[in-house]
Structures are given as structure tokens and as C-alpha cells.
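In UniProt numbering, the protein residues as written are 1 to 295.
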């Protein structure tokens, strides 16, 4: 295709229509689609110019958990309901669990260096293949103005696979939630089976803890998810040599200590900013009709 015809594509009546119907494509597929529509060979340069003209730039597709139509509807209704009681939601205790590994793989970041410096050990993003040698499950909670202790969860040795059960969760709540529970706030937990089991429900009732009926598949509505991200960043920054730890009692104790120090480094201001983002989170979810948000 000539440069003249390529420039015509920018203003062709059907160009934006094709883009609208093929927003999520491989560049080669888009090339073939436009080849059949306009005829002749279309260069990648021309296609990029058309994309840039109509949409500005390309974006890497965002990763999100699957949402069904019913789940989106429930999220939409939940956000609408709580928008009317936003001050009550802002006073909620938000909780969650996190698996901390001694060999985490971090997202690729940008580095600024000269070409011959890009493989320097200080600049590469170390990627570990295989299972981490040491993994610890922790529980934590945040609220406006504070946070709980970070609690190391204990595996249930009576369980079939010796994993984390409702009993493990209740032990974490007893150690982490009860000391901070005053009865004047709601408690938030997601819909993991160990949270919604009959024994956990009975435990919460016995201790007079009122909890929020949380919508499924809604980590974007829980501000503690961003605290977990900050915790991992703190661990990476404060203790960069954790990948050397092995799965033994001594190194496990070291990792637990590192986690607690990284948790302590999270400031009340960071927590408050995330809690105060709840109205915007609800608005974003309502605007998306319960579907995906930027959070």
C-alpha cells in the first residue's frame, strides 16, 4: 500500500469501525483483517499510525479474575446499597490472608541505564523457576487509623492435606481480631470457604462479631489488597536476600521476622489513603455496572 493510501486509512469512514470491533487482537490478525477490507499489503507502520490516530496508544490487557454476569450484578447492587451508608463502610475493619514466599517473582519494572548496563545484577528482575522453598501464610487487618498485628497462620495437622482450615482461620482471628474488636465496627472478610463455613460463622456469632456480606470476586473493593502489595514491596526493599532462605526452622523464623518488620513499616497515612478511596471504588464499580474497575 502506498503512503498516500496509508494516509487515507487514517480518515477512511470504516477505519474506526474496524478498530472498535477488533480492540483485542494480535497485530498480525489486525493486518489480515484490514488486508481483506482495503486490499493490498498493509505495513505495520501504517496500522500503528491508524491505531495511534484513533486511540492514542496500545495497552497491555489487564489481568483480572473471571466475573460472571450474576457476580457483576451482585457487585453493582452491593455498591449501590453501601453508597448510601458510606460512612459506616469507612469505619469497617478490612481483613485478608496473604502467602509470602522467600522466592517471589516481581513484576517487570522500568530501569534507566545505558545499553551495556542492562544486565547488571542490580538492574535485572530475578525470576525464579520452580516452587519457592519457603512459604508462609499470614493474616492481617486494617481500618481507618490503624492495623492489627500480622498473624502467622497455623496449618491444621488434623486436616487431610494438613492445609489451612476453618480452625486455622479461627485461631488467626482469636489472635489478631479479638484484641482489636470493640463492637463498634463491622468486620469484612471475603467468601473463601474457611470464612463462610458453619464453624466460622458460629465462632463469629459467639464472639459478637458483626460482619459484612461481601460480594464474590471483589478484591478491587477491598483496600487491604493494596496493603499486601506494599508489604511485598517493603520486604523486597528491606530484605533483598530472602531468596537464599531454605525450608528449615531457623530460616522460617527469619522470614517471619522480616514480614513483621515490613508490616510495621506500613504507615497509618498509607492505610488512611486507601480506606478513603472506598467512595471512588464504589463509584467505579457502579459506573462499570459491576464489571471490572481500575482498582
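Glycine included, each C-beta is placed from N, C-alpha and C at the ideal position.
With 16 other Cβ atoms within 10 Å as the buried cut-off, status of residue 290: Here residue 290 refers to the residue found at position 290 of the chain shown. Looking at its Cβ environment, which holds 16 or more other Cβ atoms inside 10 Å, residue 290 is buried.
Start and end residues, alpha helix (DSSP H) containing residue 99: Sequence index remark: in the chain shown, residue 99 carries index 99 (1-based). Element bounds for residue 99: not the alpha helix (DSSP H) but the beta strand (DSSP E), 93-101.
Three-state secondary structure assigned by DSSP to residue 194: Position 194 of the chain shown, counted from the start, is the residue given in the question as residue 194. Correct three-state label for residue 194: helix.
Local Cβ density within 10 Å of residue 187, reported as buried at 16 or more and exposed below that: On the chain shown, residue 187 is found 187 positions in, with the first residue counted as 1. Its Cβ being crowded by 16 or more others within 10 Å, residue 187 is buried.
Coil, strand or helix - residue 188 by DSSP: Locating residue 188 in the chain shown gives position 188, where the first residue counts as 1. Looking at residue 188 - three-state DSSP - the assignment turns out to be strand.
Sheet register partners of residue 146 (DSSP bridge): Position 146 of the chain shown, counting from 1, holds the residue named residue 146. In DSSP, residue 146 forms a bridge with 143.
Enclosing alpha helix (DSSP H) for residue 164 [first to last residue]: Within the chain shown, the letter at position 164 stands for residue 164. Run containing residue 164: none; DSSP gives neither H nor E here.
Any 3 or more C-beta pairs closer than 8 Å across the segment 137-145 and the segment 220-238: yes
Which listed residue (146, 67, 261 and 222) has its alpha carbon closest to that of residue 237: Sequence index remark: in the chain shown, residue 237 carries index 237 (1-based). The residue with the shortest Cα to Cα distance from residue 237 is 261.
Local Cβ density within 10 Å of residue 190, reported as buried at 16 or more and exposed below that: Reading the chain shown from its first residue, position 190 is the one you call residue 190. It counts as buried.
7 Å Cβ shell around residue 268 - same chain, five flanking residues per side excluded: In the chain shown, counting from the first residue as 1, residue 268 sits at position 268. These residues qualify, in order along the chain: 145 and 146.
Beta-carbon gap between residue 99 and residue 148 smaller than 8 Å: Numbered from 1 along the chain shown, position 99 holds the residue referred to as residue 99. Numbered from 1 along the chain shown, position 148 holds the residue referred to as residue 148. For residue 99 and residue 148, no; Cβs fall outside 8 Å.
CA nearest to the CA of residue 70, picked from 258, 216, 274 and 282: Translated into positions along the chain shown, residue 70 becomes position 70. The shortest C-alpha to C-alpha distance from residue 70 to any of 258, 216, 274 and 282 is the one to 216.
Range covered by the alpha helix (DSSP H) that runs through residue 71: To locate residue 71, count along the chain shown from 1; it is residue 71. Note, residue 71: alpha helix (DSSP H), 69-83.
Every unbroken alpha helix (DSSP H) inside the segment 204-243 [4 residues or more]: 224-238
Residue(s) in a DSSP beta bridge with residue 135: Position 135 of the chain shown, counted from the start, is the residue given in the question as residue 135. Partner(s): 101.
Rounded separation between residue 214 and residue 75 - CA only: Residue numbering aside, residue 214 sits at position 214 when the chain shown is read from its first letter. Residue numbering aside, residue 75 sits at position 75 when the chain shown is read from its first letter. Each residue's alpha carbon lies about 9 Å from the other.
Assigned exposure category for residue 150 - 16 Cβ within 10 Å defines buried: Residue mapping note: residue 150 aligns to position 150 of the chain shown, counting from 1. Looking at its Cβ environment, which holds 16 or more other Cβ atoms inside 10 Å, residue 150 is buried.
Per-residue DSSP class, three states only, for residue 151: The residue labelled residue 151 in the question sits at position 151 within the chain shown. In the structure shown, residue 151 sits in a strand (DSSP, three-state: E or B).
Local Cβ density within 10 Å of residue 94, reported as buried at 16 or more and exposed below that: As a first step, residue 94 is located in the chain shown; it is residue number 94 there, counting from the start. Result: buried.
Three-way DSSP call (helix, strand, coil) for residue 86 in this model: Numbered from its first residue, the chain shown carries residue 86 at position 86. Residue state, collapsed to three classes: helix.
Cutoff 8 Å: residue 88 Cβ touching any chain D Cβ: Annotation note: the requested chain D is absent from the structure, which comprises a single protein chain.
Beta-carbon proximity check, residue 194 vs residue 164, cutoff 8 Å: Numbered from 1 along the chain shown, position 194 holds the residue referred to as residue 194. Numbered from 1 along the chain shown, position 164 holds the residue referred to as residue 164. Taking a C-beta distance under 8 Å as the contact criterion, residue 194 and residue 164 qualify as a contact pair.
Environment of residue 250 [buried if 16+ CB atoms lie within 10 Å]: On the chain shown, residue 250 is found 250 positions in, with the first residue counted as 1. By the neighbour-count rule (16 or more Cβ atoms within 10 Å), residue 250 is not buried but exposed.
Span of the alpha helix (DSSP H), counted from its first residue to its last, around residue 262: Stepping through the chain shown from its first residue, residue 262 is reached at position 262. Its alpha helix (DSSP H) spans residues 249-264.
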